[in-house]
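Student: Below you will find the structure I want to go over with you.
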Amino acid sequence: MAHLELDHIVISAERLEDGRAHVEKLLNLTLAPGGKHPDMGTHNALLNLGKTYLEVIAIDPDAPGPDHARWFDLDNFSGPPRLTHWVARTDDLAGALALAPPGTGTARALSRGDLRWKMAVPGNGKLPYDGGFPGLISWQGDVHPTGLLPKANCRLSALHITHPRGEDLRADLGKFEGGLGTRIEAGAAFGIRATVLCPCGSVTLT
Numbered sequence: 160m161a162h163l164e165l166d167h168i169v170i171s172a173e174r175l176e177d178g179r180a181h182v183e184k185l186l187n188l189t190l191a192p193g194g195k196h197p198d199m200g201t202h203n204a205l206l207n208l209g210k211t212y213l214e215v216i217a218i219d220p221d222a223p224g225p226d227h228a229r230w231f232d233l234d235n236f237s238g239p240p241r242l243t244h245w246v247a248r249t250d251d252l253a254g255a256l257a258l259a260p261p262g263t264g265t266a267r268a269l270s271r272g273d274l275r276w277k278m279a280v281p282g283n284g285k286l287p288y289d290g291g292f293p294g295l296i297s298w299q300g301d302v303h304p305t306g307l308l309p310k311a312n313c314r315l316s317a318l319h320i321t322h323p324r325g326e327d328l329r330a331d332l333g334k335f336e337g338g339l340g341t342r343i344e345a346g347a348a349f350g351i352r353a354t355v356l357c358p359c360g361s362v363t364l365t
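For the sequence shown, the residue numbers in the numbering used here are 160 to 365.
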């Protein structure tokens, strides 16, 4: 069995400054600048959550549009900033993709500054289960964003996903070993929420 661990959670926004302001207001702290992703035409801001991190991501208006769909279905995102996806890391991306549901994507080699990684990106940008199934990432080398980000004294304490096919999603995730620690339930519609513990208290992100 391939091994998966929770890597980070993703808040999508139409404009990065709006997504950043949204999270900073909720958590009463400042996000760190991330960077640009030329292959995807996106940019981000980040928050250290200890073993994981939070990413706010949006289309970069100053970057040329790619000739393929952007990750996290950002080409079709609209509305207020919100939690839309989660990402799991693995040391065996090929093995994980062999177990993952159809549509999880194909591996792309990517980089930003000192960071190098491979990530499965769906051809249409849409991850299975409306984003309920995680994006799969494999970090190359020893550098991980949590080692570069300033400490924020925050941690992710819970991640909860609902989906009309919640039992199928749970079964697909059950094919993997690891410590995802994610609660999956059946519900009328897709939903994802995260509980973050920060100096200001416990905050639920949706």
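Cβ coordinates follow ideal geometry from the N, Cα and C atoms, glycine included.
Note that the structure is predicted; figures quoted are calculated from it, not measured.
In terms of residues, what are the limits of the beta strand (DSSP E) holding Asp-166?
Tutor: For the purposes of this step, residue 166 is taken as residue 7 along the sequence shown, with counting starting at 1. 162-171 is the extent of the beta strand (DSSP E) around Asp-166.
Student: Going straight from the alpha carbon of Leu-163 to that of Ala-247, what length do you get?
Tutor: Stepping through the sequence shown from its first residue, residue 163 is reached at position 4. Stepping through the sequence shown from its first residue, residue 247 is reached at position 88. The straight-line gap from Cα to Cα measures roughly 6 Å.
Student: Count the other CB atoms, across all protein chains shown, that sit within 10 Å of the CB of Thr-363; report buried if there are 16 or more and exposed otherwise.
Tutor: Indexing the sequence shown from 1 puts residue 363 at position 204. Classification for Thr-363: exposed.
Student: Answer yes if the stretch 214-226 comes into contact with the stretch 307-314, meaning at least three C-beta pairs across the two stretches below 8 Å, and no otherwise.
Tutor: Too few Cβ pairs lie closer than 8 Å, so no.
Student: Quick one: what does DSSP say Asn-203 is sitting in, helix, strand or coil?
Tutor: What you label residue 203 is simply residue 44 of the sequence shown in a count that begins at 1. The answer is strand: DSSP assigns Asn-203 an E or B state.
Student: Between which residues of its own chain and Leu-252 is the CB-CB distance below 7 Å, once the five residues before and five after are set aside?
Tutor: Taking the first residue of the sequence shown as 1, we reach residue 252 at position 93. Cβ neighbours of Leu-252 beyond the five flanking positions: Ala-266, Lys-277, Ala-279, Leu-295, Ser-297.
Student: Do Ala-348 and Pro-323 have their C-beta atoms closer together than 8 Å?
Tutor: If you number the sequence shown from 1, residue 348 lands on position 189. If you number the sequence shown from 1, residue 323 lands on position 164. Yes.
Student: Let's see if you can read the secondary structure: which residues bound the alpha helix (DSSP H) around His-181?
Tutor: Within the sequence shown, numbered from 1, the residue matching residue 181 stands at position 22. Start and end: 175-186.
Student: Determine the closest residue to Cys-359 out of Pro-281, Thr-243, Leu-185, Val-302, with distance taken between C-alpha atoms.
Tutor: Taking the sequence shown and counting its residues from 1, the one referred to as residue 359 is at position 200. Answer by Cα proximity: Leu-185.
Student: So for Thr-337, helix, strand or coil by DSSP?
Tutor: Along the sequence shown, read from residue 1 onward, the residue named residue 337 stands at position 178. Checking the sequence, you will find Gly at residue 337 rather than Thr. Correct three-state label for Gly-337: strand.
Student: In three-state terms, what does DSSP make of Arg-352?
Tutor: Counted from its first residue, the sequence shown places residue 352 at position 193. Three-state DSSP puts Arg-352 in a strand.
Student: I think Ile-170 touches Leu-269, with their Cβ atoms under 8 Å apart; what is that distance to the nearest whole Å?
Tutor: Translated into positions along the sequence shown, residue 170 becomes position 11. Translated into positions along the sequence shown, residue 269 becomes position 110. With a Cβ gap of about 20 Å, Ile-170 and Leu-269 do not count as contacting.
Student: Rounded to whole angstroms, how far is the Cβ of Asp-198 from the Cβ of Pro-260, which I believe are closer than 8 Å?
Tutor: Position 39 of the sequence shown holds residue 198. Position 101 of the sequence shown holds residue 260. That belief does not hold up - the Cβ atoms of Asp-198 and Pro-260 are roughly 24 Å apart, past 8 Å.
Student: To which residues does DSSP link Gly-294 through a beta bridge?
Tutor: On the sequence shown, position 135 is the one that residue 294 refers to. Gly-294 is bridged to Val-246.
Student: What would DSSP say about Gly-300, mapped onto helix, strand or coil?
Tutor: In the sequence shown, counting from the first residue as 1, residue 300 sits at position 141. Three-state result, Gly-300: coil.
Student: Below 8 Å on the Cβ atoms is my guess for Ser-237 versus Glu-176; work out the distance and round it to an integer in Å.
Tutor: Along the sequence shown, one-based indexing puts residue 237 at 78. Along the sequence shown, one-based indexing puts residue 176 at 17. Their Cβ separation, rounded to whole angstroms, is 16 Å, which puts Ser-237 and Glu-176 out of contact at 8 Å.
Student: To which residues does DSSP link Lys-195 through a beta bridge?
Tutor: Numbered from 1 along the sequence shown, position 36 holds the residue referred to as residue 195. Bridge partners of Lys-195: His-202.
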